[in-house]
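Going letter by letter, the sequence shown gives residues 1475 to 1952 in my numbering.
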Amino acid sequence: MNATVANEQHRHLLVSAGVDASTVTQWLGDVARIDVGFAGDSRQLDARAQAVAKLIRRGWTMLDPLPLRSQRSREQKAGGESIVSIATNLCRGFVRAWREPIYAALTQDFTRHVRVDDLVYQAAERWPGLAPTRAEVAKEMERVQADKDGLEIFQGCLIGQLLTSQKIGLHMINSMLRPTSEALAKIEEFKRRGTIDLGAARVEARGETGYVYVKHPQYLNAEDQETLIPQEIAVDLVLLHPELKMGVLRGDVVDHPRYRGRRVFNAGLNLTKVYYGKLPYLFYIVRDLGLVNKFFRGLARADFDPEQPEDTLEKPWLAAVEAFAIGGGCQLLLVMDYVIAETGSYFNLPARKEGIIPGCANLRLPRFVGERQARAGIMFDKKFSVDSPEAAMLVNEIVPPEEMDQAIERIVATAVGSGMVSAGANRKALRVQAEPLDVFRRYMALYAYEQALCHLSDQLIANLEHHWNAKQRRLASL
């Protein structure tokens, strides 16, 4: 389809949605005429970025007269989607052409290590419209998910295109593997007291082992914005503590009527918060570049050498699965060094029912169960019961619930008692053949953009209402 025909189709959709015809014609014409290509001079970045951002904002203002997304007619919905599509393609094209000057500007020529969530908001402050500001995302979070037009897709465009560059992507990954400022502020207290309560997570040092407990009892220890950073801080503290040789990840006791008084490992993504619009897109990216990657790769050292990208401080991790490991919980098992599960437990990745990509499971699960079973789990809702042949490839041993504490102590004593000098070296050596860092970077580049589209899709809402009975559920705070 040539540009003229495509433009005419977009014009028809927007006018049919009730947008002023002259406004549409002018905007589409300006979009067609703008040159997003790199001009060979980085000094032109600000002027070019501001011109693109201004066009994106003009498009976004055409959504203002329309009803909320869930209340639009078919024509209005098609018109709104057309605006979002044109604007996001404009953003992607510009960032693709200018990604190195953009990243250099935001990191002072690669000398600053900026976390990805801060990076996108710094871009928004410098070039308003190219990505949403914190205030704009906060306002968007006041809407239920079905009423969001997709502001956060621009964050996905920016992150995905930056990660596509090897030079930029490795620098971004390294930045996300650095200890959080909160952990650095608390490490001396943790070394002194041996325990820190972080709200949605707590961490304890016992002997030479650090124990991280997930605490989100009202949601069966599901993952959301409240749990993400506390868990990452807890993991940082275990990795930073010089006397701890390994870590244990375990769910805390929950108060759900069905499981009251029991430990639950992880109920996956908090779908209730997703449905009510309280889970930001950046959760997915920060989780997999930060928390999960720190389990898998450890902490980046102070001096980043792109020739030695995996020169990390790392320790082996044991996961204790009680009740179930759903979605994100199952994803965590794929980066653990040893997994103990109680009898009767199960694992699954209900990605199809949720309407999203299950983190890095598409990258990692086939290594454990083979691609055929991985496709069955991710795309066809297969559940892996702990006593199934497939689960045997995810779990090292199965114990009765009453023996879990002793099993953890036994494995920890064996691992720590035999000396841990080579643990980090062996983990690195395993990763070199299983998941080279550049393979992870390329996966995350695709994931960043595609997950943004999934997170803001109509299909996600339909799936949650059909499979999760989302309309009948309420947030714990309501």
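By construction, the Cβ of each residue, glycine as well, lies at the ideal position given by its N, Cα and C atoms.
Enclosing beta strand (DSSP E) for residue i [first to last residue]
i       : result
Gly1684 : Thr1683 to Val1688
Tyr1812 : Tyr1812 to Glu1816
Arg1676 : Ala1675 to Arg1680
Tyr1750 : Neither: Tyr1750 is in no beta strand (DSSP E) and is coded neither H nor E.
Asn1953 : Residue 1953 falls outside the range modelled here, since the chain spans only 1475 to 1952, and no answer is possible.
Ala1799 : Phe1798 to Ile1800
Ile1670 : Thr1669 to Asp1671
Phe1858 : Lys1857 to Ser1859
Beta carbon of residue i nearer than 8 Å to that of residue j
i       : j       : result
Asn1744 : Ile1800 : no
Val1712 : Leu1938 : no
Lys1857 : Asn1900 : no
Gly1630 : Gln1925 : yes
Phe1770 : Gln1699 : no
Arg1724 : Tyr1685 : yes
Glu1637 : Met1646 : The sequence shown places Leu at residue 1637, rather than the Glu named in the question. In contact: Leu1637 and Met1646 (Cβ atoms closer than 8 Å).
Leu1714 : Pro1653 : yes
Gly1751 : Gln1619 : yes
Val1873 : Ala1881 : yes
Lys1768 : Val1709 : yes
Ala1605 : Phe1512 : no
Ala1679 : Lys1689 : no
Pro1704 : Asp1726 : no
Ile1627 : Thr1562 : yes
Gly1668 : Glu1706 : no
Pro1824 : Asp1779 : no
Pro1602 : Ala1527 : yes
Met1615 : Pro1840 : no
Ala1835 : Ile1852 : yes
Element boundaries [alpha helix (DSSP H), containing residue i]
i       : result
Phe1769 : Val1766 to Arg1771
Leu1792 : Segment Trp1791 to Val1795 is the beta strand (DSSP E) holding Leu1792; no alpha helix (DSSP H) there.
Arg1511 : It should be pointed out that residue 1511 corresponds to Gly in this sequence rather than to Arg. Element bounds for Gly1511: n/a, residue is neither H nor E.
Trp1534 : Leu1519 to Thr1535
Leu1593 : Val1590 to Arg1600
Leu1839 : Ala1835 to Val1843
Arg1915 : Leu1911 to His1929
Glu1556 : What sits at residue 1556 in the sequence shown is Ser, not Glu. Segment Arg1548 to Leu1580, the alpha helix (DSSP H) holding Ser1556.
Ile1935 : Asp1932 to His1941
Glu1828 : Ala1825 to Glu1828
Arg1652 : Here Arg1652 belongs to no alpha helix (DSSP H), and DSSP marks it neither H nor E.
Gly1492 : Taken as a continuous stretch (DSSP letters only), Gly1492 belongs to no alpha helix (DSSP H), as it is neither H nor E.
Arg1901 : Ala1897 to Ala1908
Val1760 : Leu1756 to Val1760
Straight-line gap, residue i to residue j (C-alpha atoms, nearest Å)
i       : j       : result
Leu1522 : Pro1863 : Per the sequence shown, the amino acid found at residue 1522 is Arg instead of Leu. Going from the Cα of Arg1522 to the Cα of Pro1863 covers about 56 Å.
Gly1803 : Val1594 : 27 Å
Leu1927 : Arg1826 : 14 Å
Arg1838 : Glu1482 : 44 Å
His1587 : Asn1870 : 37 Å
Val1809 : Trp1791 : 8 Å
Ser1859 : Val1738 : 16 Å
His1941 : Gln1782 : 45 Å
Gly1643 : Val1766 : 17 Å
Leu1904 : Ala1793 : 19 Å
Leu1952 : Tyr1921 : Model confidence at Leu1952 stands at a pLDDT of 41, short of 50, so the residue's coordinates are unreliable; what they give is reported in the following sentence. Approximately 32 Å, taken between the alpha carbons.
Arg1517 : Leu1580 : 14 Å
Gly1533 : Met1867 : 50 Å
Leu1773 : Leu1651 : 5 Å
Asp1592 : Glu1784 : 23 Å
Glu1909 : Gly1898 : 15 Å
Gln1640 : Met1878 : 43 Å
Asp1932 : Val1886 : 46 Å
Asp1504 : Leu1529 : 8 Å
Val1493 : Gln1500 : 12 Å
Leu1911 : Ser1649 : 14 Å
Glu1828 : Arg1617 : 19 Å
Ala1797 : Ser1896 : 33 Å
Pro1832 : Met1918 : 12 Å
Gln1582 : Glu1662 : 31 Å
Ile1560 : Arg1507 : 13 Å
Any non-hydrogen atom of the ligand FMN closer than 7 Å to residue i Cβ
i       : result
Leu1702 : No copy of the ligand FMN occurs in the structure displayed, which carries no ligand at all.
What are the uninterrupted segments assigned as alpha helix (DSSP H) that are 4 or more residues long and contained completely in the segment 1866-1894, given in chain order?
1878-1891
Using 8 Å as the threshold, is the segment 1712-1721 in touch with the segment 1606-1625, meaning 3 or more CB pairs across them?
no
Taking only runs that begin and end inside the segment 1687-1726, name each unbroken alpha helix (DSSP H) of 4 or more residues, in chain order.
1699-1714
Does the segment 1560-1572 come close enough to the segment 1539-1551 to have 3 or more Cβ pairs within less than 8 Å?
no
Inspect the CB distances between the segment 1615-1630 and the segment 1554-1565 and report whether three or more fall short of 8 Å.
yes
Scan the segment 1612-1644 and note each continuous alpha helix (DSSP H) run of 4 residues or more that stays entirely inside, going in chain order.
1627-1638
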